[in-house]
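In this note's numbering, the protein residues as written are -16 to 401.
A virtual CB, placed ideally from N, CA and C, is assigned to each residue, including glycine.
Everything below concerns the one structure shown next.
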Ligand code: AMP
Ligand code: GLY
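As structure tokens, then:
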């Protein structure tokens, strides 16, 4: 099987790393990729990730059989529809189903139609109606941009001035939702789907705030853990019955089933689990610890999805962590999540071992052979052990061995769950 992984982040590096357990560089490709992926895959040039025709052409040129689409933008842009039309198997939703992520209005309507527990919400297109509504609210509410916003489209606040400023800015180009604020703890549930069967992967949690103790501004994610200890077998059953089953039934009823992954962002509240959001792809950074601990062979996973035999992989224990736990810590550039420094030379990098893996996000290797940073979140360092606290120790050992000017990370990833 010849596989192309589309994307360039640490999530896609983890996917490449997983495929490389059985595929060599002549069968494993990444576009546009990064310097870390280049060690296991052949990097291909792509004029743009959102140019569907260019993706199909590159697949034809290199005889690709299976495309793993990492990020949401090409999915929202219909890359899977274009690949399917060209007869190339792909991981990810078609354009219509991708709206579960690319339109929060679409996804809230889906949840309400299928009675899936979620926050109460009101949709707005008109600034005057929005302003009148906010003036009447009491306490904390959540304002959300409907379309994709790379983690920057949500404000939770009780400050009416801030909510009005944030919302009226969104309404210049998009619709928005005002949601009831939910309290509890957040987890990420990933459901693999082959169009006929589904399998729920071990629960993960990510740490979105920049500062220790979950303080400071939101980021794309500063770290993640897998599994989440407070997700007991009873809670797993409740999530399966109250959330996953109705979601799967709703997808089928609406003709939205696909081969790929549905990410269900949940708030575990005093009234039970409620859906915060859907994403139609693996989470970043959750995927990095998840895949580091998961036994599933990705070449077999790709074949099972293509042939609709996910049930057989599940029976073989492919999605069972067998007592392993993993913690991923993001190492970011100075200034991130604000304007950040780029092009810093990476002067130290730990060796990968069976219990420590460094996934690259934004890195490039120059003609001088030196590794340099090229973005805000540059690496995810993942430790694997029998307990989360041991896994965190290993990850932080790795973080201490990694260096570039101004690099920083949170010091408490996972801690609140130990
Ligand atoms: P979303 O993109 O909808 O997942 O929102 C991003 C983040 O905002 C979530 O991961 C939560 O931390 C927070 N959030 C979103 N909706 C709510 C809500 N209704 N109540 C509390 N926090 C929320
Ligand atoms: N970890 C959140 C996301 O991938 O959207």
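Checking the 7 Å criterion, the Cβ of residue 266 is within range of a heavy atom belonging to the ligand GLY.
For residue 127, the pairing in a beta bridge is given by DSSP as 137 and 160. Looking at the backbone, the Cα of residue 352 and that of residue 317 are separated by about 23 Å.
Boundaries of the alpha helix (DSSP H) harbouring residue 379: 371 to 383, taken from the DSSP string. 8 Å or more divides the Cβ of residue 258 from the Cβ of residue 245.
Within the same chain, -13, 50, 66, 69 and 71 come within 8 Å of residue 42 by CB-CB distance, once the 5 residues on both sides are set aside. Only residues of its own chain outside the window of five on either side were considered, and among them 308, 338, 374 and 377 have a CB closer than 7 Å to the CB of residue 368, listed in chain order. Distances between the C-beta of residue 169 and the heavy atoms of the ligand AMP include at least one below 7 Å. For the ligand AMP, a non-hydrogen atom lies closer than 7 Å to the CB of residue 165. Three or more Cβ pairs closer than 8 Å define a contact, and the segment 92 to 103 falls short of that threshold against the segment 275 to 292.
Residue environment: residue 401 is assigned as exposed (fewer than 16 neighbouring CB atoms within 10 Å of its CB, all protein chains considered). In the DSSP assignment, residue 209 forms a beta bridge with 309. Around the beta carbon of residue 189, 16 or more other beta carbons lie within 10 angstroms, which makes this residue buried. As the crow flies, the alpha-carbon of residue 36 is around 24 Å from that of residue 265.
The beta carbon of residue 250 sits closer than 7 Å to at least one heavy atom of the ligand AMP. Using a 10 angstroms sphere on the CB of residue 134, the tally of other CB atoms stays under 16, which defines it as exposed.
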